Structures are given as C-alpha cells and as structure tokens.
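A.B. asks: Protein chains in written order, with the numbering used here: chain H, 1 to 343; chain Z, 344 to 686. Using N, Cα and C, we set each Cβ at its ideal position, and we do this for glycine too. Please read these numbers as outputs of a predicted model, since none were measured by experiment. Following this message is one structure expressed as structure tokens.
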DNA sequence: CCTTAAAATTTACGCGCGTAAAAAAACTAT
DNA sequence: ATAGTTTTTTTACGCGCGTAAATTTTAAGG
C-alpha cells in the first residue's frame with residue numbers, strides 16, 4: 001500500500017497505466033479485458049486498494065448487484081438460519097445481499113419494500129408476514145421487482161413460491177403418531193400469523209378423517225411472534241383444566257412445542273414414549289433448538305438449505321429470463337420425520 | 344396516485360410548482376422550508392409518490408444517513424434481539440440501519456467492514472467476533488468510521504465500548520449459589536470465541552477465592568457458535584465420567600446451559616432445588632429461551648434494551664462531536680439475578 | 001407604504017461512474 | 001510483412017442530485 005490515496009477511477013486508471021473506460025470494463029467483468037490488462041489492474045489493485053464508488057455505479061445502472069432478503073422475524077432462529085443460507089448463496093453468486101426483518105409488523109414490511117424499490121435490486125427473496133401482509137402492496141412489488149416468495153405464501157401473489165409441503169408434513173406426522181399410539185389432538189394458535197399454520201390445520205383434519213378419527217383441537221389465544229410464551233401459557237391452561245381428549249399432542253410448530261414442553265415439565269406431566277409417560281408431544285419444522293428440549297422433540301424437518309438453495313436458483317432464473325417469466329408452479333419440499341424422545 | 348411517473352427531482356419540483364433546490368432542501372430537512380411550501384410538497388408527495396434516488400443522494404454526500412450494524416452471529420437469538428433493538432432505535436432517529444452478520448467467520452467480518460467503508464455510513468454499531476477478529480483491521484476501521492463496539496471488546500481497539508460487567512455478573516451468581524448451596528464449578532468451552540467468556544472465568548476464580556473455595560473447572564472442546572451442541576456433548580461426557588466435584592454448575596453462558604440441561608434430562612440427572620435433585624445449574628445472559636428450559640434456567644440477565652439504547656446514544660454523540668472525541672471510558676451494565684428453577 | 005429579513009428561484013458547476021462512437025493501437029494468422 | 005480482428009484509447013455525454021452565488025419574491029414590522 002502506498003501513501004497516495006486514489007479518489008476515483010480516473011486516478012486509478014492513471015496509476016495502473018490504462019484508460020478509465022478500460023478499468024470500468026474490468027470492474028464490470030474482469031473477463032472482458034485482455035489477460036495482460038487484467039494482470040496490470042490486479043497488480044495496481046494490490047498496491048493502491050481502490051474500490052469503485054458504489055453509489056456512482058448504481059446510479060447509472062438500471063439494475064444493481066444487490067439482492068434484498070426480507071424475513072418476517074429475525075429473532076426466530078428458523079428465519080435467522082434461512083437468512084444465513086440465502087446470504088451465503090448470494091455472495092457465492094457475486095451479489096451483495098441486503099438483509100431486512102419486518103419484526104412482525106406490517107408497517108415495517110411495507111417500509112422495507114419501499115426502501116427496496118429505491119435500491120433497484122437485481123432481485124428479492126422474501127418471506128412475507130403472511131396474514132397481516134399488505135397483499136396489494138406485496139403484489140405490486142412482485143410485479144415490479146423480480147421476487148421469489150418463500151416460506152409463507154400470500155395467496156395469488158407473486159410469480160414464484162418456494163416452501164414446504166405442509167399437507168405432506170402434517171399427514172406424515174399424524175400417520176406416524178396414529179401408528180405408534182393414540183391419534184393426536186392439534187395444538188395451535190387461534191389466529192395464526194402464518195399461512196402455513198392454516199394449511200397444517202386443514203391437513204390435520206383431512207388426515208384424521210382419513211384415519212377414521214375425529215379431529216380435536218386445543219387453541220390458544222395470542223398474537224405476535226412470541227410463540228414459546230404463547231405455547232407455554234396455552235399448555236399451562238390446558239393442563240390445569242385437563243383439556244386434552246387424547247394422550248398425544250401435535251403442535252402446529254416447534255416453537256409452540258418448546259413452550260408446551262416447558263409447561264409440562266413445570267406441571268409434572270411426563271412426556272415421552274416410556275411407560276410412565278402421560279403425554280406424547282410432536283411439532284413441525286425441526287427448529288434449531290428442538291434437539292435440546294426435554295424430552296427432545298419429535299418433529300418434521302424442513303429442509304432449510306434446500307429451500308435456500310432452490311429459492312436463490314429460481315431467483316437467478318427469474319433475473320436471467322429477460323421478459324418476466326410466466327407464473328410458475330409453486331415448489332414445495334417434503335419434510336423428513338425426525339423421531340426423537342417426545343413422541 | 345396519478346398515471347404520470349416522476350423520474351427525478353426536477354419533474355417532481357415542477358408538478359409541485361416549486362424549484363428543484365427548494366425541493367432538495369425539503370428532503371434534507373423538511374423544517375428548513377416555509378410551512379406553506381412544506382405543505383405543497385407533502386401534498387404533491389401523496390399524489391405522485393416520488394422518492395429521491397438514494398444513490399444520487401449519497402454520491403454527493405460526504406456522510407450518508409446509513410448506520411451499519413454488525414453482529415458476529417445472527418442465528419444466536421441474543422444478537423437477533425439486540426439487532427432488533429438497535430434497528431428500531433436507529434429508525435426512530437431518522438437513519439437507515441443496514442444489518443450484517445459475520446456468521447462466526449473472520450473473513451466475513453473483514454468483508455463486511457470493507458463493504459461498510461464504501462457505504463460511507465454515518466456510523467457503525469459493531470459486536471466483533473472477538474478472539475478471532477482481525478484486530479488491526481478492526482482498529483483501522485474504528486479510526487476511520489465513527490464506531491461503537493458493543494457486547495464483546497477487542498482490547499485496545501475502538502473509542503467507545505458498551506457491554507456487560509462480567510465481573511459483576513459472575514460474582515453475583517457465584518455469591519448467590521454459594522449462599523444457597525454448594526459453591527459452583529465452572530462449565531465452559533476450552534477456547535471460547537468470545538472475550539466475555541474469559542472475563543467470566545477470571546471473575547469466577549476471584550469470587551471463589553474470595554469465598555475461600557477452590558475454583559473447579561469442567562472444560563469442553565469445540566469451536567464455532569453451536570454452543571448448545573457443545574454444551575450438550577460436554578455435559579454428556581462429564582456426567583458419564585462423573586466429572587463434577589460439586590453439586591452446582593455455573594455455565595459460562597445460557598446457550599451452553601441449554602445443551603447442558605438437555606444432557607442432564609437424557610441422563611436422568613435431576614436438576615433443580617428440590618430435595619430429590621442431584622444438580623443445580625445456572626447460566627449467564629438470560630437468553631430468550633432460558634425461560635423455557637427444563638427446569639427453567641436461573642441466570643444473570645443482560646439488559647438488552649439498555650445496551651441497545653446506550654450504544655445508539657453514544658454513537659450519535661460520536662457522530663455529532665465533529666472532531667473525533669477522545670477515547671471515552673467503557674460503559675458496563677450490571678446484570679440482574681434471575682432466579683428460576685434450575686438453581 | 002416602505003424597509004428588512006427570510007425564503008425561494010435561477011443559474012451553474014461538480015460528484016464518480018456508465019457507456020456510446022470513432023479512432024488508434026495491439027495482437028493473430030497468413 | 002500485411003490484412004484482419006480484437007482490444008484499448010479518446011472524446012463526450014448523461015445520470016440524479018448537492019450545493020453555492022446572485023437574484024427575485026414573499027412575509028413581517030413599523
């Protein structure tokens with residue numbers, strides 16, 4: 001590194017003995033210049049550490065090299081984990097991911113979309129809030145910016161959706177629970193924020209009917225994203241009032257189950273498969289912490305990295321296909337049964 | 344909204360019946376124009392939804408309205424929670440936060456700092472990786488960009504640090520455990536990534552000696568940020584070899600404790616205060632999930648929102664104080680003892 | 001109504017880079 | 001060496017906005 005500070009591309013071109021347009025070409029695509037020229041620039045780059053001004057670059061670009069990533073609630077390790085996968089994949093493809101969390105609030109989600117618009121991103125990977133999303137606004141956004149929706153689908157919105165096959169998730173789990181013991185009741189929030197929850201409820205009902213059982217529900221009040229808290233409260237009440245009509249409980253998601261198991265422990269309700277257990281409990285998602293609950297949680301695993309991988313790949317297809325591609329069929333990943341100690 | 348699309352500030356100024364410099368002034372500070380003028384612009388804003396091009400704006404600004412937020416590992420709910428607080432506070436102050444996670448890798452942290460440099464942010468809130476941070480690079484960054492370090496201090500680097508008083512955390516917990524039962528042994532990673540862990544170890548030793556007890560350690564191998572996994576493995580081994588010389592275990596952080604408790608449950612080791620319990624377990628941090636462990640985890644609570652609040656406030660002081668202020672003393676927050684069922 | 005101060009307008013330049021067109025230079029193959 | 005091709009250089013314009021200086025308009029106060 002030399003003392004000389006390079007302010008702009010003009011200066012950098014001079015010190016590397018080239019013209020500015022050539023250097024500009026290099027930064028847009030190193031392969032587009034002659035190997036010998038490339039070498040000269042790379043050498044100069046080591047001596048002078050210059051970086052093109054991103055704002056000046058993007059001002060003149062119709063499309064930037066930015067990818068927006070939007071999740072509904074980053075404090076949920078599930079989304080943190082997905083976001084991490086997405087980020088990594090984008091970087092590998094030479095893009096700069098920009099991460100946003102709606103923190104469970106519609107207003108925030110709307111702000112983020114507006115911000116993203118002005119960022120002229122090459123594309124956006126978005127897990128919408130779901131029920132409380134501003135559908136019209138999300139729809140308009142998807143029409144204007146190449147966007148892949150993942151995790152939670154907003155009906156009729158967006159060209160590309162990547163998610164989990166909730167029908168398969170729940171069917172499989174109900175089937176498993178039914179084979180190995182009592183058929184489960186379904187533990188869920190009364191008004192879930194996430195559309196996956198509604199699909200899982202439907203799937204539960206269908207699966208139970210198919211097996212000749214009557215669906216049974218235990219529903220908890222509560223809004224927001226503090227699912228553990230809600231699950232805990234709901235379980236405490238249900239246990240106190242002995243509200244379970246069966247010895248098996250299927251939770252709509254693992255975070256509810258985590259709260260549920262904590263309540264069971266506190267109330268002295270033994271959970272698991274052993275002879276002296278009163279209850280079996282299962283969940284959905286294979287949350288990062290489900291391995292460490294007491295007992296460890298039997299659940300259906302979402303394939304995080306597959307969803308991330310596929311989302312990014314579909315986004316780049318969308319970006320590449322000049323004309324906005326026809327709305328494609330949703331991609332739904334099947335889940336894997338993870339048999340642990342709780343059921 | 345009208346059909347007319349506004350492309351730039353010139354056009355927008357025309358439709359609002361004003362000149363571009365006036366409109367420009369408005370966007371930089373709405374208070375700087377006459378109320379009647381402000382109203383006219385705001386009305387036009389509703390009819391035409393125009394937003395200044397952020398890239399063009401930032402190109403000509405020495406300092407942008409961006410605040411960088413860097414955390415070492417976003418999949419850790421502790422950092423997700425802190426980040427959420429920081430984001431919210433920044434937005435309230437009229438800045439645009441930009442969130443980055445190092446994902447536990449030095450290379451990534453370095454890249455983020457380089458990216459941030461080119462973003463010309465007004466300031467940066469950074470929780471460094473700690474031990475594996477590139478100290479020289481972080482130092483240089485802090486000298487060039489107004490930066491507040493939080494959570495984990497890199498010795499001798501940065502002008503402002505906001506964190507927790509680990510000495511007080513651990514002292515208090517050791518004191519409490521000693522008063523209510525056996526003095527604790529210390530459960531930790533052999534080579535912790537985070538400097539807080541080292542401070543806690545020292546504090547543990549001092550506290551034990553002050554109380555006339557000999558410090559005892561159970562140390563686990565393992566690197567990375569999968570603390571629950573590491574804690575679980577360590578506890579399984581320790582229990583198998585009956586490696587505890589005392590009936591009380593103080594974990595270096597809650598995530599290790601979560602894994603620890605899971606292992607205890609699996610091994611049939613009863614944890615808690617009741618007569619039939621073999622072990623008491625405590626942690627540090629009051630992780631968002633510590634309330635839902637089995638049994639619920641006794642710990643020392645970090646004051647998330649206070650740290651966030653203070654960090655943001657100090658950053659804005661740094662930004663406001665034209666000349667780079669003299670290195671100020673660290674701000675350390677005391678923790679609160681959270682007595683739950685595990686100890 | 002006139003004086004003053006405050007605010008808005010006009011005019012004009014610059015930021016750092018993308019990019020197009022024409023000319024010059026550097027390679028490649030014969 | 002020469003014709004033909006590829007790459008680089010020259011030249012020049014534009015992007016959308018910040019911002020400064022000089023001028024004109026507006027509002028306020030006596």
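Could you pull the DSSP bridge partners for residue 491/Z from this structure?
C.D. replies: Taking the first residue of the second chain as position 1, residue 491/Z is located at position 148. Paired residue(s): 468/Z, 503/Z.
A.B. asks: Relative to the C-alpha of residue 129/H, which residue among 105/H, 144/H, 136/H is closest?
C.D. replies: What you label residue 129/H is simply residue 129 of the first chain in a count that begins at 1. Of the listed residues, the one whose Cα sits closest to residue 129/H is 105/H.
A.B. asks: Note down the Cα distance separating residue 498/Z from residue 508/Z, rounded to an integer number of angstroms.
C.D. replies: On the second chain, position 155 is the one that residue 498/Z refers to. On the second chain, position 165 is the one that residue 508/Z refers to. Spanning the two alpha carbons is a distance of roughly 15 Å.
A.B. asks: When we look at the beta-carbon of residue 10/H and count the other beta-carbons within 10 Å, is it buried (16 or more) or exposed?
C.D. replies: The sequence position of residue 10/H within the first chain is 10, counting from 1. Exposed is the call here.
A.B. asks: Rounded to whole angstroms, what is the Cα-Cα separation between residue 674/Z and residue 580/Z?
C.D. replies: The residue you call residue 674/Z lines up with position 331 of the second chain. The residue you call residue 580/Z lines up with position 237 of the second chain. Using only the alpha carbons, I get a separation of about 38 Å.
A.B. asks: Could you check whether residue 495/Z and residue 527/Z sit closer than 8 Å to each other, using their CB atoms as the reference points?
C.D. replies: Numbered from its first residue, the second chain carries residue 527/Z at position 184. Numbered from its first residue, the second chain carries residue 495/Z at position 152. Taking 8 Å as the Cβ cut-off, residue 527/Z and residue 495/Z do not qualify as a contacting pair.
A.B. asks: Using a Cβ cut-off of 9 Å, pull out every chain Z residue sitting near residue 270/H, in sequence order please.
C.D. replies: Translated into the one-based positions of the first chain, residue 270/H becomes position 270. Those do not exist, as residue 270/H stays about 11 Å from chain Z at its closest Cβ, beyond 9 Å.
A.B. asks: Quick one: list the residues of chain H neighbouring residue 377/Z, beta-carbon separation under 8 Å, in chain order.
C.D. replies: As a first step, residue 377/Z must be located in the second chain, where it is residue number 34. Those do not exist, as residue 377/Z stays about 27 Å from chain H at its closest Cβ, beyond 8 Å.
A.B. asks: For residue 462/Z and chain H, any beta-carbon pair shorter than 8 Å?
C.D. replies: One-based indexing of the second chain puts residue 462/Z at position 119. Chain H, which has a Cβ nearer than 8 Å to the Cβ of residue 462/Z, makes this yes.
A.B. asks: In the DSSP output, what is residue 189/H paired with across the bridge?
C.D. replies: Here residue 189/H corresponds to residue number 189 of the first chain, with the count starting at 1. Answer by DSSP bridge pairing, in chain order: 220/H.
A.B. asks: Which residues, taken in chain order from the region 549-572 of chain Z, show a beta carbon closer than 7 Å to some beta carbon of chain H?
C.D. replies: So the close ones are 571.
A.B. asks: Anyone know if the C-beta pair for residue 284/H and residue 77/H falls short of 8 Å?
C.D. replies: As a first step, residue 284/H must be located in the first chain, where it is residue number 284. As a first step, residue 77/H must be located in the first chain, where it is residue number 77. No, the Cβ-Cβ distance between residue 284/H and residue 77/H is not below 8 Å.
A.B. asks: Counting only runs that start and end within the region 40-80 of chain H, where is the alpha helix (DSSP H) found for 4 or more residues in a row?
C.D. replies: The region 40-80 of chain H contains these whole alpha helix (DSSP H) runs: 54-60.
A.B. asks: For residue 92/H and residue 309/H, I'd like the C-alpha separation in whole angstroms.
C.D. replies: Locating residue 92/H in the first chain gives position 92, counting from the first residue. Locating residue 309/H in the first chain gives position 309, counting from the first residue. The straight-line gap from Cα to Cα measures roughly 11 Å.
A.B. asks: Under a CB-based cut-off of 8 Å, is residue 232/H close to chain Z?
C.D. replies: In the first chain, the residue the question calls residue 232/H occupies position 232. Judged by the 8 Å Cβ criterion, residue 232/H is in contact with chain Z.
A.B. asks: Less than 7 Å between C-beta atoms, sequence neighbours within five positions excluded: which residues of the same chain meet that for residue 305/H?
C.D. replies: Taking the first chain and counting its residues from 1, one reaches residue 305/H at position 305. Correct list, in chain order: 85.
A.B. asks: Helix, strand or coil for residue 440/Z per DSSP?
C.D. replies: Your numbering for residue 440/Z matches position 97 in the second chain. Here residue 440/Z sits in strand by DSSP.
A.B. asks: Thinking C-alpha only, which one of 252/H, 191/H, 214/H is nearest residue 223/H?
C.D. replies: Here residue 223/H refers to the residue found at position 223 of the first chain. Of 252/H, 191/H, 214/H, the residue nearest in Cα terms is 191/H.
A.B. asks: Measuring only the C-alpha atoms, how far is residue 633/Z from residue 227/H?
C.D. replies: As a working note, residue 633/Z is residue 290 in the second chain. As a working note, residue 227/H is residue 227 in the first chain. Rounded to the nearest angstrom, the two C-alpha atoms are 14 Å apart.
A.B. asks: For a cutoff of 8 Å on Cβ pairs, would you count residue 537/Z as touching chain H?
C.D. replies: Your numbering for residue 537/Z matches position 194 in the second chain. Output row for residue 537/Z: interface = no.
A.B. asks: Ignore the nearest five residues each way along the sequence and tell me which others in residue 665/Z's own chain have a CB closer than 7 Å to its CB.
C.D. replies: Taking the second chain and counting its residues from 1, one reaches residue 665/Z at position 322. Bear in mind that the predicted position of residue 665/Z carries a pLDDT of just 48, short of 50, making it too unreliable to give a figure here.
A.B. asks: Less than 8 Å separating the beta-carbons of residue 123/H and residue 146/H?
C.D. replies: Working through the first chain from its first residue, we reach residue 123/H at position 123. Working through the first chain from its first residue, we reach residue 146/H at position 146. Taking 8 Å as the Cβ cut-off, residue 123/H and residue 146/H qualify as a contacting pair.
A.B. asks: Going along chain Z in order, which residues have a C-beta closer than 8 Å to the C-beta of residue 296/H?
C.D. replies: Here residue 296/H refers to the residue found at position 296 when the first chain is read from its first residue. The answer, in chain order, is 605, 609.
A.B. asks: From 88/H, 219/H, 161/H, pick the residue whose C-alpha is nearest to that of residue 328/H; which is it?
C.D. replies: Within the first chain, numbered from 1, the residue matching residue 328/H stands at position 328. Closest option to residue 328/H, Cα to Cα, is 161/H.
A.B. asks: Nearest-angstrom Cα distance between residue 45/H and residue 121/H?
C.D. replies: By one-based count along the first chain, residue 45/H stands at place 45. By one-based count along the first chain, residue 121/H stands at place 121. Using only the alpha carbons, I get a separation of about 27 Å.
A.B. asks: Can you look up residue 113/H in the DSSP assignment and give me helix, strand or coil?
C.D. replies: Within the first chain, residue 113/H is the residue found at index 113, counting from 1. Helix at residue 113/H.
A.B. asks: Count the C-beta pairs between the region 202-216 of chain H and the region 49-56 of chain H that are closer than 8 Å, then say yes if the count reaches three, no if not.
C.D. replies: With a cut-off of 8 Å, the region 49-56 of chain H and the region 202-216 of chain H do not count as touching, because too few Cβ pairs lie within range.
A.B. asks: To which residues of the same chain is residue 556/Z closer than 6 Å at the C-beta, ignoring the five residues directly before and after it?
C.D. replies: For this step, residue 556/Z is matched to residue 213 along the second chain. Result list for residue 556/Z: 526, in chain order.
A.B. asks: Just to confirm before moving on: does the CB-CB distance between residue 376/Z and residue 369/Z stay below 8 Å?
C.D. replies: In the second chain, counting from the first residue as 1, residue 376/Z sits at position 33. In the second chain, counting from the first residue as 1, residue 369/Z sits at position 26. Yes.
A.B. asks: So residue 12/H contacts chain Z; which residues on that side make the cut at Cβ distance below 9 Å?
C.D. replies: As a working note, residue 12/H is residue 12 in the first chain. Ordered by position in chain Z, no residue passes the 9 Å Cβ test against residue 12/H, which lies about 14 Å from the chain.
A.B. asks: So which of 575/Z, 558/Z, 554/Z has the shortest CA-CA distance to residue 564/Z?
C.D. replies: Position 221 of the second chain holds residue 564/Z. Among 575/Z, 558/Z, 554/Z, the Cα nearest to that of residue 564/Z belongs to 575/Z.
A.B. asks: Could you please tell me which residues of the region 56-75 of chain H, in chain order, have their CB closer than 7 Å to any CB of chain Z?
C.D. replies: Under the 7 Å Cβ criterion, the region 56-75 of chain H contributes 56, 58, 59, 74, 75.
A.B. asks: Can you look up residue 600/Z in the DSSP assignment and give me helix, strand or coil?
C.D. replies: On the second chain, position 257 is the one that residue 600/Z refers to. Three-state DSSP puts residue 600/Z in a helix.
A.B. asks: Could you check whether residue 95/H and residue 115/H sit closer than 8 Å to each other, using their CB atoms as the reference points?
C.D. replies: The count along the first chain starts at 1 and reaches residue 115/H at position 115. The count along the first chain starts at 1 and reaches residue 95/H at position 95. The answer is no: Cβ separation not under 8 Å.
A.B. asks: From what residue to what residue does the alpha helix (DSSP H) around residue 357/Z run?
C.D. replies: Locating residue 357/Z in the second chain gives position 14, where the first residue counts as 1. Looking at the DSSP string, the run of the alpha helix (DSSP H) that includes residue 357/Z is 352-358.
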